[in-house]
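Protein chains in written order, with our numbering: chain A, 1 to 437; chain B, 1001 to 1386. The structure appears below as structure tokens.
Written as structure tokens, this is what we have:
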């Protein structure tokens, strides 16, 4: 018998998509049965009370969670988000229900051993409920009490050799796509760079010293599977600067209909026979491709590497060999000054150990942002306030046309005194010699 | 239950402390075929919905079976996923950036039998546990935020709205009949910890009532200057007010005043000051946005645009939400060209046609009036369609 009646939530058990309600209910039941004799360290009925408080929200249309308090583990300023409910008498099991962010492996590969161990730990010391994964990429563990935080952290580091993720005004847990571990389009080892930068900046990740949050995301190619261009203050997107490799036999096989275009992604509808003119050449945004004597030609110098032709013909076209990445800065969601996409800062940089060039860019940007950024001002907002040229100067790069979509629309150039011959100091008396008052 | 110590000594927190170790390196978890062929993949194809094959230079093939999951999952459910990995995939698995689960196996036959097994697992109540799909030109899992399950600022629930939309679009998850991939995202407030501002279709929770001021407590719980500074539209100012306390005493307190007509309901003040709650049963609801993307393919990445200004919260099954999203999906599926994303399609036919074809009403709320970028969304040309 359920602790709380949940007639509204029960309506989310039907329908084909996996039901989180059914899952939480099953977990509530497992906790009561406790077949594995777990020594539960937080209330056994935590899942029941979560369903109860959620049902209340479904009834009255508002949340029942309060602001986070300041809780965490010793020496870290992030990784735990304090959470308390506003109806603790009705739902004592979730009165204290703090979130723990656990740093995920890049590309989110796991072994069952690792996950089972994490489940054992969270079953005993927390609610047994998780998010796989949170929007930033962490494994999110939903709900435990304050005394369990240090105990969980001790077990996580000692038994699982794993750390917490970021929260607050610090470097948030970096995330990458699966990179070249299982993708032919990855222009650099996104997972390894993500890992190395995470390790390099552990202090910035755990100890908030920034004006606001800061996110790194690593996309292996311009397809952008981890959406770095939309949601990371610093976005690392793989690219190349030589020629697309062409296998003309495979091109012919696509043209001849022997290979399904786009890896078969459109197989659910009859779109007719593949037409390379219509589907590839005419859709090329720079019009830099053509067929000549049955062969596909590309004027690579004009190519902007949008990935369309590679996506359509993965067996015929491959990324170039001179690979690296572009760095874009300032993406963020709308709070506060409107949404921003990342703006190009570094057109191309090689990805080579020990990544000194990339670290210099990161640290140059941080230095500028920490000096000039206001409290709770994201990097993108600072760039908007002071101008992209300041960001370019902060990392010591020379402005190039690649930095803009088009030149400025107005002539209001903020000339600096040193740019103007003779400086700005002038004598009014000299002026008056030639101009009467 | 008795307290079980991990070995942590509260008297000496630094004793045996391990810190700053970061995540595990993913290579600790790679299946052998991935470890062997990393960086040496040639091409891939989608064998059927939910099954991918990647071919390596070595000639190796890895077959990936992808299935959906609610991102909110219990340890019991994760253990079940692990058991499947043990039984079928050598104890290895991964999650995708869109909350799908992937198992990697050696042959197509193994992949097909795994697909069959996954599709046969059901929760009590009948929903699928591991529906296979989410590949190619179809509709994959909806990424989302916490909502009423665990957050203090939501204007709606996230898990519930996602569940009903994916129930509505379920067959699309397991097939690939769309002109291009359709990425749907959900964020339960403007903070958008789910960053839905560049999605083909975005569902966004939104408040419509300015904060309530808890005058008696505000100065005790908040830094008034921070609350004032938090407002992006300058609607909050410090003030003194005579109030009658909960105990019936009359006194003058330091508090804030809000110009309600300036408020854009972002909730940033509430994040800074718990004495300014703004959630409300009738005030809160959903905005639908469309036409965004993050990929650079063919056209540049784009922001999502508001196409429905408000849908009331209708828990538990938000029928209007599911219906409107279906309308957009069907209009797109029947009218867009192959490879055209929702935003590319809307730009080609014109947004005036988008509203017509999706049978959505246009109102003043869809005309941007927020700062400089608004101007660039108005029509500075006579080129439009009747």
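All C-beta atoms in this analysis are idealised placements derived from N, C-alpha and C, irrespective of residue type, glycine included. Owing to the predicted nature of the structure, the values given are computational and were not obtained by experimental measurement.
Evaluate residue 1218(B) with the Cβ neighbour count: other Cβ atoms within 10 Å of its Cβ, from every protein chain shown; 16 or more gives buried, anything less gives exposed. By one-based count along the second chain, residue 1218(B) stands at place 218. Label assigned to residue 1218(B): buried.
Hey, could you find the ends of the beta strand (DSSP E) residue 57(A) is sitting in? Looking up residue 57(A) in the first chain gives position 57. From DSSP, residue 57(A) is part of no beta strand (DSSP E) but of the alpha helix (DSSP H) over 46-60.
So, using beta-carbon positions, are residue 1293(B) and residue 1179(B) closer together than 8 Å? As a first step, residue 1293(B) must be located in the second chain, where it is residue number 293. As a first step, residue 1179(B) must be located in the second chain, where it is residue number 179. No, they are not a contact pair.
Do you know offhand how far residue 242(A)'s Cα is from residue 317(A)'s? The residue you call residue 242(A) lines up with position 242 of the first chain. The residue you call residue 317(A) lines up with position 317 of the first chain. Going from the Cα of residue 242(A) to the Cα of residue 317(A) covers about 13 Å.
Please report the straight-line C-alpha distance between residue 405(A) and residue 1298(B), rounded to a whole angstrom. Stepping through the first chain from its first residue, residue 405(A) is reached at position 405. Stepping through the second chain from its first residue, residue 1298(B) is reached at position 298. Those two C-alpha atoms are separated by around 16 Å.
Given residue 403(A), which residues of its chain have a CB within under 7 Å of its CB, disregarding the five upstream and five downstream residues? Position 403 of the first chain, counting from 1, holds the residue named residue 403(A). Counting only Cβ-Cβ distances below 7 Å, and skipping sequence neighbours, we find 344, 388 and 392.
Going by the CB atoms, is the gap between residue 156(A) and residue 162(A) shorter than 8 Å? Here residue 162(A) refers to the residue found at position 162 of the first chain. Here residue 156(A) refers to the residue found at position 156 of the first chain. Result yes, Cβ atoms of residue 162(A) and residue 156(A) sit closer than 8 Å.
Starting from residue 1116(B), find everything on chain A with Cβ-Cβ shorter than 7 Å and list it in chain order. Translated into the one-based positions of the second chain, residue 1116(B) becomes position 116. Here the premise fails: no neighbours, minimum Cβ distance about 16 Å.
What does a CB cutoff of less than 7 Å around residue 273(A) pick up in its chain, not counting 5 residues either side in sequence? Within the first chain, the letter at position 273 stands for residue 273(A). The answer, listed in chain order, is 257.
In the DSSP assignment, what are the bridge partners of residue 295(A)? Counting from one through the first chain, the residue named residue 295(A) turns up at place 295. DSSP lists 292(A) as partners of residue 295(A).
8 Å Cβ cutoff, residue 158(A) in contact with chain B: One-based indexing of the first chain puts residue 158(A) at position 158. Yes, contact with chain B.
Tell me which same chain residues have a C-beta within less than 7 Å of the C-beta of residue 208(A), skipping the five on either side of it? Mapped onto the first chain, residue 208(A) falls at position 208. Correct list, in chain order: 77, 78, 168, 169 and 170.
Is there a C-beta anywhere in chain A that falls below 8 Å from the one on residue 1216(B)? By one-based count along the second chain, residue 1216(B) stands at place 216. Taking Cβ atoms only, chain A never reaches closer than 8 Å to residue 1216(B), which makes this a no.
Could you list which residues in chain B have their beta carbon closer than 9 Å to that of residue 13(A), in chain order? For the purposes of this step, residue 13(A) is taken as residue 13 along the first chain, with counting starting at 1. Within 9 Å Cβ-Cβ: 1123, 1124, 1125, 1126 and 1127.
CB-CB under 6 Å to residue 1318(B), same chain, minus the five flanking residues each way: which ones, in chain order? In the second chain, counting from the first residue as 1, residue 1318(B) sits at position 318. For residue 1318(B), where only same-chain residues beyond five positions count, the Cβ hits under 6 Å are 1161 and 1164.
Under 8 Å, with one C-beta from each stretch per pair, do the stretch 275-290 of chain A and the stretch 1166-1185 of chain B reach the 3-pair mark? no
On the DSSP bridge assignment, give the partners of residue 130(A) in chain order. Sequence index remark: in the first chain, residue 130(A) carries index 130 (1-based). Residue 130(A) pairs with 141(A) and 1073(B).
Check whether the Cβ atoms of residue 199(A) and residue 1022(B) sit closer than 8 Å, and answer yes or no. In the first chain, residue 199(A) corresponds to position 199, counting from 1. In the second chain, residue 1022(B) corresponds to position 22, counting from 1. In contact: residue 199(A) and residue 1022(B) (Cβ atoms closer than 8 Å).
Backbone secondary structure at residue 1293(B) - three-state DSSP: Counting from 1 along the second chain, the entry for residue 1293(B) is found at position 293. Reduced to three states, the DSSP call for residue 1293(B) is strand.
With C-beta atoms as the reference, is residue 1325(B) less than 8 Å away from residue 1168(B)? If you number the second chain from 1, residue 1325(B) lands on position 325. If you number the second chain from 1, residue 1168(B) lands on position 168. Cβ distance < 8 Å, so residue 1325(B) and residue 1168(B) count as in contact.
Taking C-alpha atoms, which residue in 1311(B), 1055(B), 1350(B) and 1212(B) lies nearest to residue 1206(B)? Within the second chain, numbered from 1, the residue matching residue 1206(B) stands at position 206. Closest option to residue 1206(B), Cα to Cα, is 1311(B).
Closer than 7 Å at the beta carbon, the chain A residues around residue 1149(B): Start at 1 with the first residue of the second chain, and residue 1149(B) comes out as number 149. Result: 54.
Would you decide whether residue 138(A) is buried or exposed? Buried here means 16 or more other CB atoms lie within 10 Å of its CB. Start at 1 with the first residue of the first chain, and residue 138(A) comes out as number 138. Buried, because 16 or more other Cβ atoms sit within 10 Å of the Cβ of residue 138(A).
Run through chain A and tell me which residues come within less than 7 Å of residue 1191(B), C-beta to C-beta. Here residue 1191(B) refers to the residue found at position 191 of the second chain. Per Cβ cutoff of 7 Å: 333 and 335.
State whether the stretch 39-49 of chain A contacts the stretch 89-104 of chain A, with contact taken as three or more CB pairs (one from each stretch) at a distance under 8 Å. yes
Measure from the C-beta of residue 195(A) to each C-beta in chain B and report whether the shortest distance is under 8 Å. What you label residue 195(A) is simply residue 195 of the first chain in a count that begins at 1. Yes, its Cβ sits closer than 8 Å to a Cβ of chain B.
Closest by C-alpha distance to residue 102(A), when choosing among 89(A), 72(A), 12(A) and 87(A): The residue given as residue 102(A) occupies position 102 in the first chain. Among 89(A), 72(A), 12(A) and 87(A), the Cα nearest to that of residue 102(A) is on 72(A).
C-alpha distance - residue 368(A) paired with residue 394(A), whole-angstrom precision: For this step, residue 368(A) is matched to residue 368 along the first chain. For this step, residue 394(A) is matched to residue 394 along the first chain. Each residue's Cα considered, the two are about 6 Å apart.
Residue 335(A) to residue 215(A), Cα distance in whole Å? Locating residue 335(A) in the first chain gives position 335, where the first residue counts as 1. Locating residue 215(A) in the first chain gives position 215, where the first residue counts as 1. So the two alpha carbons sit approximately 15 Å from each other.
Pull up the distance between the alpha-carbon of residue 1063(B) and that of residue 1132(B), whole angstroms please. Working through the second chain from its first residue, we reach residue 1063(B) at position 63. Working through the second chain from its first residue, we reach residue 1132(B) at position 132. Computed Cα separation, rounded: 13 Å.
Can the beta-carbon of residue 1119(B) be found less than 8 Å from the beta-carbon of residue 1128(B)? Numbered from its first residue, the second chain carries residue 1119(B) at position 119. Numbered from its first residue, the second chain carries residue 1128(B) at position 128. In contact: residue 1119(B) and residue 1128(B) (Cβ atoms closer than 8 Å).
Once DSSP output is grouped into helix, strand and coil, what is the label at residue 252(A)? Working through the first chain from its first residue, we reach residue 252(A) at position 252. Correct three-state label for residue 252(A): helix.
Does the ligand SAH have even one heavy atom less than 7 Å from the beta-carbon of residue 156(A)? In the structure on display, the ligand SAH does not appear, and there are no ligands present to speak of.
Identity of the residues DSSP links to residue 344(A) by a beta bridge: Along the first chain, one-based indexing puts residue 344(A) at 344. Answer is 328(A).
Quick one: Cα of residue 8(A) to Cα of residue 1147(B), how far? Sequence index remark: in the first chain, residue 8(A) carries index 8 (1-based). Sequence index remark: in the second chain, residue 1147(B) carries index 147 (1-based). If you take the alpha carbons of residue 8(A) and residue 1147(B), they lie about 16 Å apart.
If you drop the 5 nearest sequence neighbours on each side, which residues of the same chain put their C-beta closer than 8 Å to that of residue 86(A)? In the first chain, the residue the question calls residue 86(A) occupies position 86. Same-chain partners within the cutoff: 64, 65 and 66.
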